[in-house]
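Here's the structure we're looking at; comments come further down.
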Amino acid sequence: MEMISVKNYDELSKKACELLVNQVKNSDSSVLGLATGSTPEGLYQQLINEYRNGHVSFGHVTTFNLDEYAGVAADDPNSYRYYMNEKFFNHIDLPDEQAYLPPGDAVDLEKECHDYETLIADSGYVDLQVLGLGLNGHIGFNEPGTPFDSRTHVVELDESTREANARFFPSIDDVPKKALTMGIGTIMESRQVVLLVSGSKKADAVKQLVHGKVTEDFPASILQKHQNVTLITDEAALSKL
Ligand code: F6R
Numbered sequence: 017m018e019m020i021s022v023k024n025y026d027e028l029s030k031k032a033c034e035l036l037v038n039q040v041k042n043s044d045s046s047v048l049g050l051a052t053g054s055t056p057e058g059l060y061q062q063l064i065n066e067y068r069n070g071h072v073s074f075g076h077v078t079t080f081n082l083d084e085y086a087g088v089a090a091d092d093p094n095s096y097r098y099y100m101n102e103k104f105f106n107h108i109d110l111p112d113e114q115a116y117l118p119p120g121d122a123v124d125l126e127k128e129c130h131d132y133e134t135l136i137a138d139s140g141y142v143d144l145q146v147l148g149l150g151l152n153g154h155i156g157f158n159e160p161g162t163p164f165d166s167r168t169h170v171v172e173l174d175e176s177t178r179e180a181n182a183r184f185f186p187s188i189d190d191v192p193k194k195a196l197t198m199g200i201g202t203i204m205e206s207r208q209v210v211l212l213v214s215g216s217k218k219a220d221a222v223k224q225l226v227h228g229k230v231t232e233d234f235p236a237s238i239l240q241k242h243q244n245v246t247l248i249t250d251e252a253a254l255s256k257l
């Protein structure tokens, strides 16, 4: 695992942006894996800036998001589709039909999970996957205990994850109990992983990620076995290392 340590969140977002722009520029058909949550917001803003300044185009890029809440429609402000549109897709030249998220409001969620895997494979697999880190080590919505060989699937969200995400909802009762997520096996197939971790709240998780043992009890620990992971952290997230 390559570690890049930067001063603060702003620098973290710029460094991550640099890696994504390189990927997009060095290939005429990049497949990017994307995440939601607070951590990549700065990255998306930086990428929008690069696009507006004419430094990069997303016309030939395909994107696959990691996850989506179950039972939440695309136009619901709490959906991850809505988040992606607002924070990134609406501001760049990525064609709509090249931006995929698991469809959380579909009738047959199991079938959708299977189809999502097929779509990723048919696109040639993910070149660069952006990840954030959950306090309990989750990646995507793969909670502790998820098998390392899991594929895209429907999950019951941990109470701790629902609490952490309640800040986006009127109350904790409004946070969905289920979601669709790429599996850990799916994530591990991406050619490159860029893992972004910011802030002192994540310091224990970073310590476990880097020095802990590889165990399904801490899903992100499997990344120690990936051939090409770049961990970008700010000083606060490194404070317990
Ligand atoms: C979201 C996702 C999650 C987040 C994680 C950290 O698509 O995959 O695993 O990356 O919950 O969230 P933040 O960045 O809000 O701390």
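For the sequence shown, this note's numbering gives the first residue as 17, with consecutive numbering after it. Every residue gets a Cβ at the ideal spot worked out from N, C-alpha and C, and that includes glycine.
(message) Less than 6 Å separating the Cβ of A252 from some heavy atom of the ligand F6R?
(response) no
(request) Out of V191, T246 and P192, point me to the one whose CA is closest to Q208's CA. (result) T246
(message) Beta-carbon within less than 8 Å of G87's beta-carbon, same chain only, minus the 5 sequence neighbours each way: which residues are those?
(response) G120, D121, P192 and K194
(message) I need the DSSP call for I108, collapsed to helix, strand or coil.
(response) coil
(message) Within the continuous beta strand (DSSP E) that includes N81, where are the two ends?
(response) T78 to N81
(message) Just to confirm my understanding: we take D233, look at its own chain, exclude 5 residues before and 5 after, and list those with CB closer than 8 Å. What are they?
(response) G153, P160 and G161
(request) Give the C-beta separation of A32 and L149 to the nearest angstrom, bearing in mind that I take them to be a contact with Cβ-Cβ under 8 Å. (result) Contact doesn't hold; Cβ gap of about 13 Å is too wide.
(message) Is T52 a contact residue of the ligand F6R, with contact defined as CB to any heavy atom under 6 Å?
(response) yes
(message) Taking the alpha carbon of T197 as the reference point, which residue from P163, K223, Y67 and P186 has its own alpha carbon closest?
(response) P163
(request) List in chain order: all unbroken beta strand (DSSP E) runs of 3+ residues lying wholly within the stretch 118 to 158. (result) 144 to 148
(request) Have a look at I64, Y99 and Q243 and flag the residue whose alpha-carbon is nearest the alpha-carbon of Y116. (result) Y99
(message) Three Cβ pairs or more, each shorter than 8 Å: is that satisfied between the stretch 56 to 75 and the stretch 124 to 132?
(response) no
(request) Just the C-alpha distance for L59 and L48, rounded to the nearest angstrom, thanks. (result) 13 Å
(message) Tell me whether L82, by its Cβ, gets closer than 6 Å to a heavy atom of the ligand F6R.
(response) yes
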